[in-house]
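One structure below.
In the numbering used here, the protein residues as written are 46 to 422.
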């Protein structure tokens, strides 16, 4: 038996992602109960998510849950939920930097943060990683401004730029930049860098898999043998990184790296989420790759050196990554002379408010019908 309920909702685009933004106070306290509601909101379990507002793609099947923070250094808490399109499953373990782009505007719009005249810095604690991010939101006349001349690859038109500065990114899930203790591991006959900066990833040289590295996402998604091989390597890497059995988790994310096609770029990337190729690249994934460029021995560092984009031993402060929709620029700030000690990584994103109102969902009245959720740290 089901019943129809409703909660306040704001749908926003954040970077190259889109989804509903909800208040934590409007949801039940347990994540299994939350997961059941989120699945209904998105219409998961159907390729088109026809019975919800999901867009039938991982990039448009995301949810941001925001609430006033009790943390001394944060204004709001942000819990990200990746809702599976095809399966009735919610993963609370990853972070999403693109959706994060809209957390600051949402917090101001809903009265969680008081806007300042000109620019408002919203301090966000990400509950998925327990890390802090500063969101610099344009607020002329104490109003969120969405219009501007900043363009980002993967989004049509232009909008106001929002600077995101990720603090304390090392070991977001594993506690170490290089969780296996090595810059490169041999896994199933392939060199792999297992790295955790903002999010855990595994990096592979596209050439080692017989690829150019600039293939369109649809071509990579159609290569079932490639996806099965990546998944097998990802599961073994997850064990080595201390993440345990990752077969039901989206972490770590695989990234294929190759030499850039443009002389102004550092690397070319193909990022997986993890079983489909991202049509651009996740912000947190881009941070992880950018952080790896200056770390000797990593796949990213090796390819950047071989292609002449970085000198051996150089700590690169500005990194441009090519992805299927264009490129993303990141500023990497290192502490002193240690390439493995990163103070912060900053980048510019955009966001837009799409709608605000009430969203309806169906909820089972039988507790054991709630779908299990993967727990956030």
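Ideal Cβ placement from N, Cα and C applies to all residues, glycine included.
No experiment lies behind these values; they were computed from the predicted model shown.
Cβ contact annotation for residue 399 (same chain, cutoff 7 Å, sequence separation greater than five): 56, 57 and 58, in chain order. Taking 8 Å as the cut-off, the Cβ atoms of residue 123 and residue 67 do not count as close.
Annotation: residue 380 to residue 389 spans about 9 Å, alpha carbon to alpha carbon. With a beta-carbon spacing of about 4 Å, residue 335 and residue 375 fall inside the 8 Å limit used to define contacts. Relative to the Cα of residue 99, the nearest Cα in the group 235, 271, 85 and 118 belongs to 85. Rounded to whole angstroms, residue 343 and residue 238 show a C-alpha spacing of 6 Å. Inter-segment contact for the stretch 246-264 and the stretch 298-307 is present: three or more beta-carbon pairs are separated by less than 8 Å.
Scanning the stretch 251-299 from its first residue to its last, the whole alpha helix (DSSP H) runs of 4-plus residues come out as 262-266 and 269-285. Non-local beta-carbon contacts of residue 105 in its own chain, meaning distances under 8 Å to residues more than five positions away in sequence, involve 62, 63, 64 and 99 in chain order. Taking a cut-off of 8 Å on C-beta distances, the stretch 107-119 does not touch the stretch 218-230, as fewer than three cross pairs fall below it.
Look at residue 128 here: in three-state DSSP terms it is strand. Cβ-Cβ separation between residue 164 and residue 183: approximately 6 Å, consistent with a contact (criterion under 8 Å). In its chain, beyond the 5 residues on either side, 311, 335, 338, 375 and 377 have a beta carbon closer than 7 Å to the beta carbon of residue 364.
Between residue 120 and residue 187, the gap from beta carbon to beta carbon reaches 8 Å or more.
In chain order, 328 and 329 place their CB closer than 6 Å to the CB of residue 142, counting only its own chain and leaving out the 5 sequence neighbours on each side. For residue 154, the uninterrupted alpha helix (DSSP H) run begins and ends at 148-154, by DSSP. In this structure, residue 270 lies away from residue 341, with their beta-carbon atoms at least 8 Å apart.
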